[in-house]
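Participant: Numbering (our numbering), first residue to last: 248 to 506. First the structure, then my questions, so here it is.
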Amino acid sequence: MARASKTADSPSIGVHRALGMLEAIAKSAGGLSNSDLSRKLKIPKSSTSYILRALEAGGYVRREPAGKYRLGLALLSLASRAVESLDVREVALPILQHLVDRSGLTAHLAVLDHGQAVYIAKVDAPGFVKMNTWPGKRMNLHSTSVGKALLAHLPEEELQRIVAKGLKKWTPHTLTVPAKLHADLEHIRRRGYAVDEQESTVGIRCVAAPIFSAQGVTASIGVTGTVTQFHAADMHRFAEMVKDAARRISLQLGWTKDF
Numbered sequence: 248m249a250r251a252s253k254t255a256d257s258p259s260i261g262v263h264r265a266l267g268m269l270e271a272i273a274k275s276a277g278g279l280s281n282s283d284l285s286r287k288l289k290i291p292k293s294s295t296s297y298i299l300r301a302l303e304a305g306g307y308v309r310r311e312p313a314g315k316y317r318l319g320l321a322l323l324s325l326a327s328r329a330v331e332s333l334d335v336r337e338v339a340l341p342i343l344q345h346l347v348d349r350s351g352l353t354a355h356l357a358v359l360d361h362g363q364a365v366y367i368a369k370v371d372a373p374g375f376v377k378m379n380t381w382p383g384k385r386m387n388l389h390s391t392s393v394g395k396a397l398l399a400h401l402p403e404e405e406l407q408r409i410v411a412k413g414l415k416k417w418t419p420h421t422l423t424v425p426a427k428l429h430a431d432l433e434h435i436r437r438r439g440y441a442v443d444e445q446e447s448t449v450g451i452r453c454v455a456a457p458i459f460s461a462q463g464v465t466a467s468i469g470v471t472g473t474v475t476q477f478h479a480a481d482m483h484r485f486a487e488m489v490k491d492a493a494r495r496i497s498l499q500l501g502w503t504k505d506f
């Protein structure tokens, strides 16, 4: 019986190891070798080699001449298909572009995933200044406007669970005291938009609003700019643009309640 149980568990173990290896490679700027992965994930080298060969054959990783492994293009294809399957993105893209045209700022669309905000679409602002963001980038909920717009409308139990994990301080402006964050979330619910006043990155200001569907809060949309592009005095004007964009997307997704 013990032998049969071990055999039955092996595919599951292999899948978890393969996913762990992909995540580790994704987080490494210079790639990781077989030995690096074996040591980092505490997997035998023989198992690491076997999994890497399978991933390489499928195009999920590629091996460089120096022996380091990086993510392969097959993952890009999968990610693109996953993003394209999100109805909210298809609805939001033209509205994102319109928002950029109106504001002159970079616009983002984000969804909640495993306690983080994940960008699923981005439209760059015109000009030479570009935000260091991309579809797939993960952001903290408590220190970003798109994150707080989502956080403010979560069920209380889920909100408490996320806050209990800790509020990391990214800049001197980050809200790290739960009581202050809760007060900010109440303001967000009341006025309909969230603000990131250099809370994630010094020199960057953002404003975002939640997007709703029949299932509740679905995503968030926001604009981002440097403090020289996005003056504090312009906050209300940009907030109204973002709220209007969020309302238009929500209506197309089937949201029928008042904003």
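Yeah, the Cβ is synthetic: ideal placement off N, Cα and C, and Gly gets one too.
1) State buried or exposed for N281, treating a residue as buried only when at least 16 other CB atoms are found within 10 Å of its CB.
2) Would you mind listing the beta strand (DSSP E) stretches within the stretch 416 to 449 that are 3+ residues and don't spill past its ends, in chain order?
3) To the nearest angstrom, report how far apart A339 and P312 are at their CA atoms.
4) Quick one: complete beta strand (DSSP E) runs, 3+ long, within the stretch 316 to 386?
5) With DSSP collapsed to three states, give me the class of I260.
6) Looking only at its own chain, which residues have a Cβ that is under 6 Å from the Cβ of A492, when we skip the five neighbours before and after it?
7) Going by the beta-carbon positions, is the gap between A441 and A396 smaller than 7 Å?
8) I need the straight-line Cα distance from E424 to P457, nearest angstrom please.
9) Is R385 closer than 7 Å to V365 when the C-beta atoms are compared?
10) Do the stretch 295 to 311 and the stretch 259 to 278 make contact, defined as three or more Cβ pairs closer than 8 Å?
11) With H, G and I counted as helix, E and B as strand and the rest as coil, what does DSSP make of S285?
12) For the candidate residues S390, V376, E433, A273, whose alpha-carbon lies nearest to that of L323?
13) Return the chain-ordered list of same chain residues with a C-beta closer than 7 Å to the C-beta of S392, the five sequence neighbours on each side being excluded.
14) Using three-state DSSP, classify T465 as helix, strand or coil.
15) Can you tell me whether DSSP reads T391 as helix, strand or coil?
16) Below 7 Å CB to CB, which residues in the same chain sit around Q363 once its five sequence neighbours on both sides are set aside?
Facilitator: According to the data block:
1) buried
2) 441 to 444
3) 42 Å
4) 316 to 318, 353 to 360, 363 to 370
5) helix
6) I342, L346, I468
7) yes
8) Sequence check: residue 424 is Val here, not Glu. One C-alpha to the other measures close to 23 Å.
9) yes
10) yes
11) helix
12) A273
13) A441, V442, D443, C453, V454, A455, G469
14) strand
15) coil
16) R385, M386, N387, L388
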